[in-house]
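Visitor:
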Amino acid sequence: MLDAIGVASPAELFEQIPEPLRLDRPLELPDGLGEAEVFERLSALAEHNVDAEGEACFIGAGMYDHYVPAIVDAITSRSEFLTPYTPYQPEISQGGLQAMFEFQTAMSELTGLPVSSAGLYEGPSSVASAGYLAIGATKRRRFVVSRGLHPHSREALTTYSAGYGAEVVEVGVEGGLTDAAQLAAAVDGETAAVFLQTPNFLGGVEDVEALGAAAKEHGALLVVACDPIALSVLKPPGECGADIALGEGQPLGNRLDFGGPSFGFFCATEGQIRRMPGRIAGETTDVDGRRGFVLALQTREQHIRREKATNNICTAQALNALAAMVHLAWLGRRGFRELGELLVRRTAYARERLAAVDGVELLHEAPAVREFAVRLEAPVEAVLDFCAERGIAAGYPLGREYPEHPDGLLVAITERRSREQIDELAEVLAEAISTLRGSFGTSEVTKEPRNGAIR
Amino acid sequence: MALTETPMQAERARTIFEKSKPGRRAAVLPAAGVPERPLEELIPARLLRAEPPRLPEIAEPEIVRHYNRLSRRNFDLDTGFYPLGSCTMKHNPRLNEGVAALPGHARLHPAQDPKRAQGALELMWLLQRSLAEICGLPHVSLQPSAGSHGELAGLLLTRAYHADRGEERTKVLAPDTSHGTNPASVSMAGYEVVKVATNERGGVEMDDLRAKVDGEVACLMLTNPNTLGVFDENIAEIAALIHEAGGTLYYDGANLNAVMGHSRPGDMGFDIVHVNLHKSFSQPHGGGGPGAGPIAVSDRIEPYLPRPQVVRREGDNGHGPSFDLDHERPKSIGRLRGFQGNFGVFVRSYAYILSLGADGLAEASETAVLNANYLKARLAEGRAGKHLPIAFERHCMHEFVLSGKPMKRELGLATLDLAKRLLDFGFHPPTVYFPLLVEEALMVEPTETETKESLDAFADAVERILAEAESDPEVAKQAPYTTPVRRLDEVKATRHPVVRQQL
């Protein structure tokens, strides 16, 4: 090979790098390891985590411990789906492109909106991308955002807004639901978009149609973030006046993976199709008239439009979106509905069961699908530690992101959380609170709960 | 060319929705085990949907068969050579899939208390330290979800850095050879993009750069080696120019695979680097995601990094060190996304770094550069050398760019035709029509995980296609013939978009 190139050694090829910029020492990294050693090393790290296999996980906050059917792994681990690049050569990418088209159809059905992207990074950054779309569509630079929108979504929107130049105005949540009067007062002729979430972060099912009226009145886009599993029972955002419905896709066929990779879904009205972020598969025909699929509307995208692109994103999280499609096909029309009903009923049961515990009260009584918020009469972090000792991850503490609810705990239900586990949660919570009640203000538990790792 | 349909072509595409039959199903859900109350009792009827979404009704064997058949309509890296320039299609070790799937990783909730996620945080910290060493920059955030997300992060960091100094700058420079994501990210970050010309060696045209650098310039975004596959020898001078003007220097890490263990962006003077874990660090591309785009930065940029940041805390009272998520970062640009980033990708990439080690990473880059130069030499011979000359005649790094301009003029064959004909020979074509600077461009990146035999076979196929075109260019112009579908009408898909199935 060196002869063909005409050099004496590979090092000669690196001589185009100016000598002072060549690293004159090995990287300070360990020597390479064999496969078995790498496996052992990473297994050992994994064992220092407490995962949802080792405890009953009632944590949600946008990502949920759902059962992922075995066929999802079987299909997504096939080389033909796992190892190709983005389908730039459609003639040899029909499998992936058709899967995208099917996924788009499914998400369009779920949200009740006609146009779906093939997938974005994940939930909160999809919200921020909707902001960029709204600025392009309305030429306005002000967002009105419900405090019921996931705190990570609100923060990502604010982070992006510092770049594309927009103001973010927050509207409060009262009784578990977005304050309608405050929202109506905040929306004006300068508002590019109104952002809602249903069920909202505290679990309350919003009346999107009623809240969205203010956006319609002032010509702002209505952006609705939603839990895709909740769309099995809730009225689709497209039927409630939403211009954009989006969200975190993890609950559909994707693992928890400590937060990713998953995907974001993004659906919109026909009128926004040329402003959509990300890849979109479209149906077409080949030279002989056979049905086929391609990446459609590429003229929106960065590799064609460069600085005029509707977004900078290139990924479609294609493998994660495929997992979602397989999960949805496995659930099917009836199974999907049954899953939603199961969650609503178990959640109602859990809510009543926990509310009956001495020292626990509901933070709000708004309708819920699969997650609800309670107030604890003992320091939340200490209660969570107590429950963890008993093999229960009791929920998500609200204090950091909702300082108005320092005693708040968000509890999530999936089909993996059985009635027995819910009963056990109630019992352990009761015990924890009776033990820890009155320990407010004692610095150890409340102030530095994050020290002293278990190693 | 006889146009008899292959069996796969004869099988017309049918979606899973078209295979649906009322009453069929796969899932069996657990019994609720709680009172079966009517939904309307729990959620007001006006908030409920009248009809369930029209998902397919189909049994498990048919779902499996449907997606298996779809998978056979894909070409993939495990099947054949995939020299897609700038995409680094290197082998994806299956070990990495195995360790990512361990329940301690795969079923770990992202909001698990850091006390009970010490292994995950330690892994993230170790990956941060490894990437910092590879990039030659001391601080790393793993949060960005992809290269373009890292670019946006880098530009927002630049904005925050300047704002903190009371400066407001409006322009970002990028060479005309840059990836499309660069200018797209610049616009999203609220800057105006200014193009910088390329010189006759394929590097930045210094006079043009000097003319464009002023106090309005926030940042220069550069890929080095660049998209022409050549190392910009003037990088030190470029860095000095930008730094003197108060700007930041951003490194698009798409081509890091050329220099791992040989040269470090931090030592070249870059302030911010993104790393595509799905390129250099072997995360499978998944047919278009997932990936991850961590960023490494210099000290002066560190205060603005996204939050939360993974930190290591020394233990007291005889305890070992512990790991935590630091949310208290007052100057941070904030979150770019939910939770901590694409952790599953971090596991795979860290497994890759552990497998290769310091020497292995350097050897990977060396072999990638060797393979690229060998294939370049092979394609400089015979008909390829005549019809597809190299765009910039010099040793390349990990990839190189050919121009199909003579081929088009002499044989009437566009780069697209050559690409489509390669499909019939069982190869994924190189990246085509990029970089924009080179007419009829073909950008070839073989990577280090290909054998000499693969490279030779590819060069032989190009030679055969060109020989064939000398006698009958129509063969390539009508290609492909053997793929599941033949050339597709992309214009129609954009003019009259059909983006979902009507049910």
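Those protein sequences? They're chains A and B, same order as listed.
So the first sequence is numbered by this note's numbering: it starts at 1449 and just counts up by one.
So the second sequence is numbered by this note's numbering: it starts at 5 and just counts up by one.
C-beta: ideal position from N, C-alpha, C; glycine also.
Quick check: what's the CA-CA separation for Glu-66 of chain B versus Tyr-1533 of chain A?
Guide: For the purposes of this step, residue 66 of chain B is taken as the residue at position 62 of the second sequence. For the purposes of this step, residue 1533 of chain A is taken as the residue at position 85 of the first sequence. Between Glu-66 of chain B and Tyr-1533 of chain A, the C-alpha separation is close to 27 Å.
Visitor: So, is Asn-96 of chain B buried or exposed, given that buried needs 16 or more other C-beta atoms within 10 angstroms?
Guide: The count along the second sequence starts at 1 and reaches residue 96 of chain B at position 92. By the neighbour-count rule (16 or more Cβ atoms within 10 Å), Asn-96 of chain B is buried.
Visitor: Going along the chain, which residues of its own chain have a beta-carbon closer than 8 Å to the beta-carbon of Ala-1803 of chain A, five neighbours each way excluded?
Guide: Position 355 of the first sequence, counted from the start, is the residue given in the question as residue 1803 of chain A. Cβ neighbours of Ala-1803 of chain A beyond the five flanking positions: Glu-1809, Leu-1810, Val-1822.
Visitor: Assuming Leu-427 of chain B and Ala-480 of chain B make a contact with CB atoms under 8 Å, what is their CB distance in whole Å?
Guide: Position 423 of the second sequence, counted from the start, is the residue given in the question as residue 427 of chain B. Position 476 of the second sequence, counted from the start, is the residue given in the question as residue 480 of chain B. Actually they are not in contact, since the Cβ atoms of Leu-427 of chain B and Ala-480 of chain B sit about 11 Å apart, beyond 8 Å.
Visitor: Comparing C-alpha positions only, which one of A:Arg-1865, A:Tyr-1797, A:Ser-1866, A:Ala-1729 sits nearest to Leu-46 of chain B?
Guide: Start at 1 with the first residue of the second sequence, and residue 46 of chain B comes out as number 42. Answer by Cα proximity: A:Tyr-1797.
Visitor: Ends of the beta strand (DSSP E) at Met-447 of chain B?
Guide: Sequence index remark: in the second sequence, residue 447 of chain B carries index 443 (1-based). Unbroken beta strand (DSSP E) run through Met-447 of chain B: 445-448.
Visitor: Are Val-190 of chain B and Ala-178 of chain B closer than 8 Å when you measure CB to CB?
Guide: As a working note, residue 190 of chain B is residue 186 in the second sequence. As a working note, residue 178 of chain B is residue 174 in the second sequence. Yes, Cβ-Cβ distance for Val-190 of chain B and Ala-178 of chain B is below 8 Å.
Visitor: Please list the segments of the alpha helix (DSSP H) lying wholly inside the stretch 1478-1533 of chain A, counting only runs of 4 or more residues, in order along the chain.
Guide: 1483-1494, 1518-1524, 1527-1530
Visitor: Three-state secondary structure (DSSP) at Thr-1626 of chain A?
Guide: On the first sequence, residue 1626 of chain A is found 178 positions in, with the first residue counted as 1. The three-state secondary structure of Thr-1626 of chain A, taken from DSSP, is strand.
Visitor: How is the alpha helix (DSSP H) around Lys-94 of chain B delimited, first residue to last?
Guide: Translated into the one-based positions of the second sequence, residue 94 of chain B becomes position 90. It is not in any alpha helix (DSSP H) - Lys-94 of chain B carries neither H nor E in the DSSP assignment.
Visitor: Using a Cβ-Cβ cut-off of 8 Å, state whether Ser-1541 of chain A counts as contacting chain B.
Guide: Taking the first residue of the first sequence as 1, we reach residue 1541 of chain A at position 93. Yes, Ser-1541 of chain A lies at the interface with chain B (some Cβ there is under 8 Å from its Cβ).
Visitor: Check for me: the alpha helix (DSSP H) holding Ala-1729 of chain A runs from which residue to which?
Guide: Working through the first sequence from its first residue, we reach residue 1729 of chain A at position 281. Unbroken run through Ala-1729 of chain A is the beta strand (DSSP E), 1729-1733; no alpha helix (DSSP H).
Visitor: Reducing DSSP to helix, strand and coil, say where Arg-1738 of chain A ends up.
Guide: Start at 1 with the first residue of the first sequence, and residue 1738 of chain A comes out as number 290. Here DSSP, grouped into helix, strand and coil, assigns Arg-1738 of chain A to coil.
Visitor: In its own chain, which residues sit with a C-beta less than 6 Å from the C-beta of Ala-1901 of chain A, not counting the 5 before and 5 after it?
Guide: As a first step, residue 1901 of chain A must be located in the first sequence, where it is residue number 453. Low per-residue confidence applies at Ala-1901 of chain A: pLDDT is 37, beneath 50, and the placement is therefore not dependable, though the value from the model is reported in the following sentence. Excluding sequence neighbours, Ala-1901 of chain A sits near nothing in its chain.
Visitor: So is Gly-170 of chain B buried or exposed if we call it buried at 16+ other beta carbons inside 10 Å?
Guide: For the purposes of this step, residue 170 of chain B is identified with residue 166 of the second sequence, where counting begins at 1. It is exposed - the Cβ of Gly-170 of chain B has fewer than 16 other Cβ atoms within 10 Å.
Visitor: Going along the chain, which residues of the stretch 1572-1592 of chain A sit with their C-beta nearer than 7 Å to a C-beta in chain B?
Guide: Pro-1572, Ser-1573, Tyr-1580
Visitor: Could you please give the first and the last residue of the uninterrupted beta strand (DSSP E) stretch that includes Thr-1606 of chain A?
Guide: As a position in the first sequence, residue 1606 of chain A is number 158, starting the count at 1. From DSSP, Thr-1606 of chain A is part of no beta strand (DSSP E) but of the alpha helix (DSSP H) over 1599-1612.
Visitor: May I ask you to report which of helix, strand or coil DSSP gives Pro-1684 of chain A?
Guide: On the first sequence, residue 1684 of chain A is found 236 positions in, with the first residue counted as 1. Taken through DSSP and simplified to helix, strand or coil, Pro-1684 of chain A comes out as coil.
Visitor: For a minimum of 3 consecutive residues, which ranges assigned as the beta strand (DSSP E) are wholly contained in the stretch 1793-1845 of chain A?
Guide: 1808-1810, 1819-1824
Visitor: Which residue's Cα is closest to the Cα of His-166 of chain B: B:His-113, B:Ala-249, B:Leu-146?
Guide: Along the second sequence, one-based indexing puts residue 166 of chain B at 162. Closest by alpha carbon: B:Ala-249.
Visitor: Would you say Ile-1902 of chain A faces chain B, with C-beta separation under 8 Å as the test?
Guide: Within the first sequence, the letter at position 454 stands for residue 1902 of chain A. Below a pLDDT of 50, predicted positions are generally treated as unreliable, and Ile-1902 of chain A, at 36, falls in that range; no measurement from the model is reported.
Visitor: With distances taken Cα to Cα, identify the nearest neighbour of Glu-332 of chain B among A:Arg-1818, A:Arg-1848, A:Gly-1707.
Guide: As a working note, residue 332 of chain B is residue 328 in the second sequence. With distances taken between Cα atoms, Glu-332 of chain B lies closest to A:Arg-1848.
Visitor: Checking the sheet assignment: what are the DSSP bridge partners for Tyr-308 of chain B?
Guide: Within the second sequence, numbered from 1, the residue matching residue 308 of chain B stands at position 304. Residue pairing for Tyr-308 of chain B: DSSP places it in no beta bridge.
Visitor: Let me confirm a value: Glu-172 of chain B is counted as buried when at least 16 other C-beta atoms fall within 10 Å, else exposed. Which label applies?
Guide: Indexing the second sequence from 1 puts residue 172 of chain B at position 168. Exposed: under 16 other Cβ atoms inside 10 Å.
Visitor: Would you say the stretch 1859-1867 of chain A touches the stretch 1787-1801 of chain A, given that touching needs at least three Cβ pairs under 8 Å?
Guide: Under the three-pair Cβ rule at 8 Å, the stretch 1859-1867 of chain A counts as touching the stretch 1787-1801 of chain A.
Visitor: Of all Cβ atoms in chain B, is any one closer than 8 Å to the Cβ of Gln-1537 of chain A?
Guide: Position 89 of the first sequence, counted from the first residue, corresponds to residue 1537 of chain A. Yes, Gln-1537 of chain A lies at the interface with chain B (some Cβ there is under 8 Å from its Cβ).
Visitor: Using the rule of at least 16 other Cβ atoms within 10 Å of the residue's Cβ for burial, across every protein chain shown, is Ala-381 of chain B buried or exposed?
Guide: Within the second sequence, numbered from 1, the residue matching residue 381 of chain B stands at position 377. So Ala-381 of chain B counts as buried.
Visitor: Nearest-angstrom Cα distance between Glu-1892 of chain A and Asp-330 of chain B?
Guide: Indexing the first sequence from 1 puts residue 1892 of chain A at position 444. Indexing the second sequence from 1 puts residue 330 of chain B at position 326. In this prediction, Glu-1892 of chain A has a pLDDT of 43, which is less than 50 and means its spatial position is unreliable; nothing more can be read from the coordinates.
Visitor: For Ile-1677 of chain A, count the other beta carbons within 10 Å of its own beta carbon; 16 or more makes it buried, fewer makes it exposed. Which is it?
Guide: Locating residue 1677 of chain A in the first sequence gives position 229, where the first residue counts as 1. Buried, since its Cβ has 16 or more Cβ neighbours within 10 Å.
Visitor: Is there at least one Cβ from chain A nearer than 8 Å to Cys-139 of chain B's Cβ?
Guide: Taking the second sequence and counting its residues from 1, one reaches residue 139 of chain B at position 135. No, its Cβ sits nowhere closer than 8 Å to a Cβ of chain A.
Visitor: Is DSSP giving Gly-1652 of chain A helix, strand or coil here?
Guide: As a position in the first sequence, residue 1652 of chain A is number 204, starting the count at 1. In this structure, Gly-1652 of chain A counts as strand in the three-state DSSP scheme.
Visitor: Tell me which residues share the same chain as Val-62 of chain B and place their Cβ nearer than 8 Å to its Cβ, disregarding the 5 neighbours each side in the sequence.
Guide: In the second sequence, counting from the first residue as 1, residue 62 of chain B sits at position 58. Before going further, note that residue 62 of chain B is Ile rather than Val in the sequence given. Cβ neighbours of Ile-62 of chain B beyond the five flanking positions: Ile-20, Lys-23, Ser-24, Lys-25, Arg-28, Arg-29, Ala-30, His-70.
Visitor: Let me confirm a value: His-1853 of chain A is counted as buried when at least 16 other C-beta atoms fall within 10 Å, else exposed. Which label applies?
Guide: Locating residue 1853 of chain A in the first sequence gives position 405, where the first residue counts as 1. So His-1853 of chain A counts as buried.
Visitor: For Arg-1864 of chain A, collect the residues of the same chain with a Cβ closer than 6 Å to its Cβ; drop the 5 residues on either side in sequence, then sort them by chain order.
Guide: Translated into positions along the first sequence, residue 1864 of chain A becomes position 416. Result list for Arg-1864 of chain A: Asp-1513, Tyr-1515, in chain order.
Visitor: Gln-506 of chain B: buried (16+ other C-beta within 10 angstroms of its C-beta) or exposed?
Guide: Mapped onto the second sequence, residue 506 of chain B falls at position 502. So Gln-506 of chain B ends up on the exposed side.
Visitor: Helix, strand or coil for Ser-326 of chain B? Go by DSSP, reduced to three states.
Guide: Your numbering for residue 326 of chain B matches position 322 in the second sequence. Strand at Ser-326 of chain B.
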